[in-house]
Amino acid sequence: MRKSLLLLPFLGAAILSHGQTEKPELVTDRPDQTEAPVLVPKGGLQVETGFVYEKDHQGDTDMTNFTYNTTLIKYGVNDHFELRFITEFLGNRARVAEAPVSKVQGFSPLALGVKIKLAEEKGLWPTAAFIGHINLKTGSKEYTPSYTAADFRFTFAHTLSEKFALSYNLGAEWNGETPDAAFLYTLSLGYAASDRVGMFVESYSFFPEEDKADHRFDCGLTYKFTPIVQWDVSGGIGLNDVAPDYFLSTGISFRAFK
């Protein structure tokens, strides 16, 4: 997979740079669905990449979705502004009854976006940020949207104790196939088991304007090899018949220059 190979030099740079100076701890937007309100440090280039496997069975249709490589690249412009770039290489396999398996794969539309810091945590007021993306009419033919799409969310986080944190998002997204929005919420409880190991449990849902709601639950853990290199693994289940039966994910995140 070409994109994964291209990211290896960045990973090497991040590992080699560790230990030369004191660096801010890595905070990522994966593996959970709850985006963090923390921005990449000014001048830092952060890469978050991974793989997702998703299985679903409805009626006489078996569906397997792959995200062979999802890559989020973030650059810290200043203490209040972050640039974001997202690209994915997707795959889909479907079998209806005894018919032959149909296969589709290709690149998703490119997404360009920003994260803007809104507030620091103070008392009951959480750390807060705004995230927005424009999904361009690009990508492979099978995944190119009919219209330019967009998504946005407000992200919040509360420190509950030295070990626990509560994070949540509220927002909406458009898929580019219809003008209808899908509203969303996420709610994640994080636990710092040690300086290197973190865990989370999460509930999240999508509420399309013209379809049934999609409810899901997941959990996972992260392991920091260094303060700026992190591995993650997670999995979850669908909570109703609209959601996939189950899904699994793993990935690596790292930061260079800062």
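For reference, each letter of the sequence shown is one residue, going -19 to -1, 1 to 239 in mature numbering (1 follows the signal peptide of the UniProt record, and there is no 0).
For glycine and all other residues, C-beta sits at the position ideal for the given N, C-alpha and C.
When secondary structure is reduced to three states using DSSP, Ser234 falls in the strand class. Beta bridge pairing from DSSP links Thr108 with Ala138. The Cβ atoms of Arg65 and Asp43 do not sit closer than 9 angstroms to each other. Taking 9 angstroms as the cut-off, the Cβ atoms of Val214 and Pro12 count as close. Residue pairing for Phe32: DSSP places it in a beta bridge opposite Thr231. The beta-carbon separation of Phe198 and Leu165, rounded to 15 angstroms, does not stay under the 8 angstroms limit for a contact. Counting the other Cβ atoms within 10 Å of the Cβ of Asn221 gives fewer than 16, which makes it exposed. DSSP, read as helix, strand or coil, puts Arg11 in coil. Given a length threshold of 3 residues, each whole run of the beta strand (DSSP E) inside the segment 46 to 94 is given here in chain order: 62 to 77 and 83 to 88. The shortest C-alpha to C-alpha distance from Lys205 to any of Ile218, Gly179 and Asp10 is the one to Gly179.
Cβ contact annotation for Gln86 (same chain, cutoff 6 angstroms, sequence separation greater than five): Gly72, in chain order.
Nearest C-alpha to Lys144 among Ser175, Leu117 and Pro225: Ser175. About 6 angstroms separates the CB atoms of Gly152 and Phe135; that is less than 8 angstroms, so the two are in contact.
With 16 or more other Cβ atoms inside 10 Å of its own Cβ, Arg236 counts as buried. Among the bridge pairs identified by DSSP, Asn116 is matched with Ala92 and Ala130. Taking all protein chains in view, the Cβ of Glu79 is surrounded by fewer than 16 other Cβ atoms within 10 Å, so the residue is classified as exposed. Taking Leu168 as the centre and dropping the five residues before and after it, the same chain places the C-beta of Tyr149 and Ser184 closer than 6 angstroms to its C-beta, in chain order. For the set Lys4, Glu191 and Tyr172, the Cα lying nearest the Cα of Val182 is the one of Tyr172. For Val214, the enclosing beta strand (DSSP E) starts and ends at Val210 to Gly219. About 20 angstroms separates the beta carbons of Ala138 and His114, which is beyond the 8 angstroms limit, so they are not a contact pair. Assignment of beta-bridge partners to Gly179 by DSSP yields Ala173 and Thr203. For Ile233, the closest alpha carbon among the candidates Leu53, Val19 and Pro160 is that of Leu53.
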